[in-house]
Amino acid sequence: MTFDTSGGSGARGSDPRVEGARRRNAQLFAVFRDETATEPTRLAARDGLVTLHLPLVEHCARRFRNRGEPFEDLVQVGTIGLIKSIDRFDLERGVEFSTYATPTIIGEIKRYFRDKGWAIRVPRRLQELRMQIGAATGELTQTLGRSPTPRELAEALDCTVEDIVEGIESSNAYSTLSLDAADDSGEDGGTSMLDTIGIDDEGLEHIEIRESIKPLLEALPAREKRILLLRFFKNRTQSEIADEIGVSQMHVSRLLSRTLDQLRSSLEETV
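Note that the sequence shown covers residues 10 to 280 in the working numbering.
In structure tokens, the structure reads:
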């Protein structure tokens with residue numbers, strides 16, 4: 010089965026269906042290009058052209074069926090290329106619509122696979138630059154007998170060294186490794202990358218405060234320093250502290266409050 014030169018589908022020759030598709034194609038394009046027609050009329054003609062040439066999209070999409078993407082998605086992407094072709098097609102150039110539309114439809118599907126292959130979305134400019142760098146690297150490697158430098162690549166591609174570096178760095182977004190992926194080098198299956206990643210040290214959150222308060226603690230009288238040590242480092246109650254240092258619990262409470270207020274005020278002055 011082949012596609013007729015008008016863009017409709019069917020066997021070549023005098024098949025009435027083919028002739029009908031040709032006439033329908035010409036009528037719809039005439040309405041779509043008629044600037045005197047109303048907007049709803051032109052849009053209806055455009056929709057009719059999409060429906061008429063949908064078999065061409067399906068034919069192009071079948072070439073990519075076994076590449077891991079649903080056929081329906083490929084048809085949707087190819088339909089975008091069909092719509093672009095309809096909007097840009099010039100009847101006066103004498104080119105058959107199917108001939109004009111096929112490269113655009115296939116190009117849209119290929120672009121979809123190219124975009125889909127990137128694990129992290131990067132600008133299309135960098136995707137295309139990456140492909141150019143790969144091709145230029147192979148050619149220059151054969152010519153120079155060594156890997157080309159970024160400057161040599163920039164001269165070959167007529168761009169800046171910064172562009173080359175950005176294009177090379179964007180290659181890291183093409184594929185990623187799951188944090189759960191295991192290293193199979195070990196006998197027990199290895200550890201995952203997640204197992205090797207460190208965790209936040211909770212002690213770091215208050216290290217600045219601890220370092221700032223150290224000299225203030227050193228400047229305290231021995232009794233106040235001992236009370237703080239017993240209360241906050243050895244978790245003694247105020248009654249236990251009072252018994253150990255030979256004062257009343259009320260006095261321990263007052264000493265604690267006064268010492269903490271003093272430390273707080275001194276710390277605020279140093280911050």
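Each residue gets a CB set at the ideal place from its N, CA and C atoms; glycine is no exception.
What separation, rounded to the nearest whole angstrom, lies between the Cα atoms of R273 and R134?
Against the sequence shown, residue 273 aligns to sequence position 264. Against the sequence shown, residue 134 aligns to sequence position 125. If I take the Cα positions, the gap works out to 57 Å.
With 16 as the cutoff for other CB atoms within 10 Å, does R240 come out buried or exposed?
One-based indexing of the sequence shown puts residue 240 at position 231. Per the 10 Å Cβ criterion, buried.
From A110 to R31, what distance separates their C-alpha atoms?
Sequence index remark: in the sequence shown, residue 110 carries index 101 (1-based). Sequence index remark: in the sequence shown, residue 31 carries index 22 (1-based). Their backbone Cα atoms lie some 15 Å apart in a straight line.
Expressed to the nearest angstrom, what Euclidean distance is found between the alpha-carbon atoms of H260 and Q271?
Stepping through the sequence shown from its first residue, residue 260 is reached at position 251. Stepping through the sequence shown from its first residue, residue 271 is reached at position 262. H260 and Q271: Cα-Cα distance of roughly 16 Å.
In the region 234 to 274, which residue ranges form an unbroken alpha helix (DSSP H) of at least 4 residues, counting only runs that do not cross its ends?
When DSSP assignments are scanned along the region 234 to 274, the uninterrupted stretches of alpha helix (DSSP H) that are 4 or more residues long and fall wholly within it turn out to be 247 to 254.
What span of residues does the alpha helix (DSSP H) with T75 cover, start to end?
Along the sequence shown, read from residue 1 onward, the residue named residue 75 stands at position 66. Checking the sequence, you will find Asn at residue 75 rather than Thr. N75 -> no alpha helix (DSSP H), and no H or E assigned at all.
Residue span of the alpha helix (DSSP H) that contains R55, given as start and end:
Indexing the sequence shown from 1 puts residue 55 at position 46. For R55, the enclosing alpha helix (DSSP H) covers residues 48 to 61.
Under the three-state DSSP convention, the category S295 falls into:
Limits of the chain in this structure are 10 at one end and 280 at the other, which puts residue 295 out of reach.
Backbone CA spacing between Q141 and L166 [nearest angstrom]
As a working mapping, residue 141 is identified with position 132 in the sequence shown. As a working mapping, residue 166 is identified with position 157 in the sequence shown. Looking at the two C-alpha atoms, the distance is approximately 8 Å.
Mapping DSSP to helix, strand and coil, what is V27?
Working through the sequence shown from its first residue, we reach residue 27 at position 18. Three-state DSSP puts V27 in a helix.
Contacts around D229, its chain only, beta-carbon distance under 7 Å, and the 5 residues preceding and following it disregarded
Within the sequence shown, the letter at position 220 stands for residue 229. Reading off the sequence shown, one finds Leu at residue 229, where the question assumed Asp. Excluding positions up to five away in sequence, the list reads T268.
Tell me, to the nearest whole angstrom, how far the beta carbon of G143 is from that of E117; I am working on the premise that it is less than 8 Å.
On the sequence shown, position 134 is the one that residue 143 refers to. On the sequence shown, position 108 is the one that residue 117 refers to. Going by Cβ atoms, the distance from G143 to E117 rounds to 22 Å, so no, they are not a contact pair.
Let me know if P25 comes out buried or exposed under the rule of 16 or more other beta-carbons within 10 Å of its beta-carbon.
Start at 1 with the first residue of the sequence shown, and residue 25 comes out as number 16. Exposed: under 16 other Cβ atoms inside 10 Å.
Under 8 Å: do the region 79 to 94 and the region 53 to 68 share three or more Cβ pairs, one atom per stretch?
yes
Pick from S275, S248, E178, I254: whose alpha carbon is nearest that of K223?
Stepping through the sequence shown from its first residue, residue 223 is reached at position 214. Selected option, being the one with the closest Cα: S275.
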